[in-house]
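So the sequence shown is residues -25 to -1, 1 to 484, counted in mature numbering (1 follows the signal peptide of the UniProt record, and there is no 0).
Heads up, the beta-carbon is just placed ideally off N, CA and C, and yes, glycines get one too.
Model, not experiment: these values are computed from the prediction.
Data first, discussion second: the structure below is written as structure tokens.
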Amino acid sequence: MHRRGFLKFIAAATTVAAASPIISACSSSSDSEGASESKASGKALDTLRIAAIGSPGENLNISEALSTATWAALYAVYESLVIAGSAKPALQLASSAKPNDDASVWTITLREGATFSDGTPVTANDVLASVKHIAGNPMHGMSYADVDVAASKAVNDTTVDIVLSRPRADFVDSVLALNSLVYKGGDPANGIGSGPYVIDSGDSGQGWKLTANEHYPTDMRVSKSLEIQVIADAQARLRAVESGAVDLAMDLPATARRSLHSAEVWSPGAVDSKGLLFILNTKVAPFNDVEVRRAMKIALDRSALVDAALDGTGTSGTDVPGLGFADYPSDLSEPKMDKDAARKIFEDKGVKKLTLVTADFTPGMNDGADVLARQLKDLGVEVEVEKRDPATYYSDMEALKKLPFFASYFVNRPLLSALPFMTGSKAMFNLSGFGTEGDWDKRLEKLQAETDADARAKQLAELARTMQEDGGELLWAYANEIHGRAAGVPDLPVSQSVPIATRLPAAKN
């Protein structure tokens, strides 16, 4: 798997979040930084100009979309049943998602009056066809493995029953929210969606110009037209927003906090972040010994790691994903540093030399590895940092997963969907091998089937503690995404650092 293929895998495997088994239309506001005048005023801008990284050769379908710019265009043309909120689920095209008693059937109701850009209504059959389209996708379809497409059916014109092969109380979190774009007839090739815009011109190499979908609710529009400009260089994006050439620039360097003056920093926080990991391979020595894994976790000064590797802009990790989301256990804190205890375990276990493989696939990976090496040297462990080419770092995933010790990252997501994504024998992204033995899989299945919110939260907290103590993921930091925007640009929903140019449906009383 080359860099492009890995990005496609990451795009398929990571996504927006939802948090409760029964959700209905709700408003959302992000806990973003910046001047109060940038909050949504309800008045649509004339043209919203967004700068983002892009790549030539991508088309507006889930099979080819990799970059931020392309996904921003997708979300502008099509609506998802569910999109991300700041820490809660936020329904867009759906007005509710409700399970039956055992969460083996989910009833999805569409937003009243939802209309495609050609003036025809969005129907339950369009949803079913879109579900079938996603389920048949080699990458994105992995998350739909429990969906019985043939048994799912339209209840009426605006309601659909999605039937599952096993109970999934986490269906919204881990399946619908992963990818639930709806296309007319389930076919993205016709370019007809119910989103706020329609494509006027452009491509993934240069960007797109989009005009308003005249059938989209005016109170949900943020602008009358949209421009998505492809600017590959982060510093160039910073200059563009600072000069006023664009209104919103995505994914800026950490120095933007000091560099922006005319524009302002917008950082939604941990929910719009990447988790930085050191993988401790539970299958091979020395990290097949849980005591050595625990020693590594208490050996590090994580605050110093964040300060040095991320210019102080990140948040220390706890070795458990999902920080910032509503289902993250409130009493979970980072492991207490105990260098003396770690040193003794390393000595007792004969851990004297390690090789840490890394690549600067995302900022912080290489710098973090260098800082770790310096910290472990003080504890008597020599660490050789082997820096590889980021373009080929993930070219052979199976070979990478055989290494004892290597750096990686993931896109932050709620804990409920992150655990089966990163751990257990069925995980899409289990790099450490943790949870493939013992009763972990059964505990995950029990969690996914649990419909009682309190019982599910208790199980989730217990699994989180087990992962923190025994897991092979040394999640040392969250690198918060930093964006820049002009005054007057409202907060937008963000999914995996992709801006969604809309306002969410108003809350129902």
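Would the region 44 to 52 count as touching the region 119 to 127 if we require 3 or more Cβ pairs under 8 Å? no
Terminal residues of the continuous beta strand (DSSP E) containing residue 23? 20 to 27
Is the region 262 to 269 touching the region 423 to 436, taking contact as three or more C-beta pairs under 8 Å? no
Opposing strand residues paired with residue 460 [DSSP bridges]: 223, 239
Spatial neighbours of residue 450 within its chain, please: CB distance less than 6 Å, with the 5 preceding and 5 following residues excluded, ordered by chain position. 250, 252, 292, 294
Within the chosen definition, does the region 279 to 290 reach the region 341 to 353 through at least 3 CB pairs nearer than 8 Å? yes
So, using beta-carbon positions, are residue 102 and residue 169 closer together than 7 Å? no
Counting C-beta neighbours from all protein chains within 10 Å, is the total for residue 387 16 or more, i.e. buried, or is it exposed? buried
Residue 117 and residue 397 look like a contact to me (Cβ under 8 Å); what is the Cβ gap, rounded to whole Å? With a Cβ gap of about 14 Å, residue 117 and residue 397 do not count as contacting.
Going by DSSP, what residue range makes up the alpha helix (DSSP H) through residue 47? 43 to 52
Is there contact here, the region 453 to 464 with the region 234 to 243, by at least three beta-carbon pairs under 8 Å? yes
Which whole runs of the alpha helix (DSSP H) in the region 328 to 414 are 4 residues long or more, in chain order? 340 to 352, 372 to 375, 390 to 397
According to DSSP, residues forming a beta bridge with residue 74: 81
Segments assigned alpha helix (DSSP H), at least 4 residues, entirely inside the region 230 to 288: 231 to 234, 265 to 274, 277 to 284
Burial state of residue 204, where buried means 16 or more other Cβ atoms lie within 10 Å: buried
For residue 431, which residues from the same chain have a beta carbon less than 7 Å from its beta carbon, with the 5 sequence-adjacent residues on both sides left out? 144, 422, 425
Just to confirm, is the Cβ distance from residue 201 to residue 23 under 7 Å? yes
Select from 459, 228, 159, 47 the residue whose C-alpha is nearest the C-alpha of residue 100. 159
Given that a residue counts as buried once 16 or more other Cβ atoms are within 10 Å of its Cβ, and exposed if not, what is residue 350? buried
Can you find the residues in the same chain that come closer than 8 Å, C-beta to C-beta, to residue 452, ignoring five residues on each side of it along the sequence? 250, 251, 277, 280, 281, 284, 285, 289, 290, 291, 292, 339, 343
Buried or exposed for residue 475, going by 16 or more other Cβ atoms inside 10 Å? buried
Between 212, 73, 65, which has its C-alpha nearest residue 459's C-alpha? 212
Compute the Euclidean distance between the alpha carbons of residue 114 and residue 407, then round it to the nearest angstrom. 21 Å
Quick check on residue 33: buried or exposed, where buried means 16 or more other Cβ atoms within 10 Å of its Cβ? buried
Taking 7 Å as the cut-off, decide whether the C-beta atoms of residue 257 and residue 88 are in contact. no
Roughly how many angstroms separate the alpha carbons of residue 107 and residue 72, rounded to a whole number? 18 Å
Look up residue 136 in the DSSP assignment and give the residues it is bridged to. 82, 128
Check whether the Cβ atoms of residue 76 and residue 391 sit closer than 7 Å, and answer yes or no. no
DSSP three-state call for residue 473: helix, strand or coil? strand
For residue 485, count neighbouring C-beta atoms within 10 Å of its own C-beta (all shown protein chains included) and say buried if the count is 16 or more, exposed if not. No answer is possible for residue 485: the residues shown for the chain start at -25 and end at 484.
For residue 46, which option in 334, 25, 316 has the closest C-alpha, if you only look at C-alpha atoms? 25
Would you tell me roughly how many angstroms separate the C-alpha atoms of residue 429 and residue 417, rounded to the nearest one? 19 Å
Beta-carbon proximity list for residue 140, same chain, < 7 Å, skipping 5 on both sides: 121, 123
Could you please give the first and the last residue of the uninterrupted alpha helix (DSSP H) stretch that includes residue 205? Unbroken run through residue 205 is the beta strand (DSSP E), 198 to 205; no alpha helix (DSSP H).
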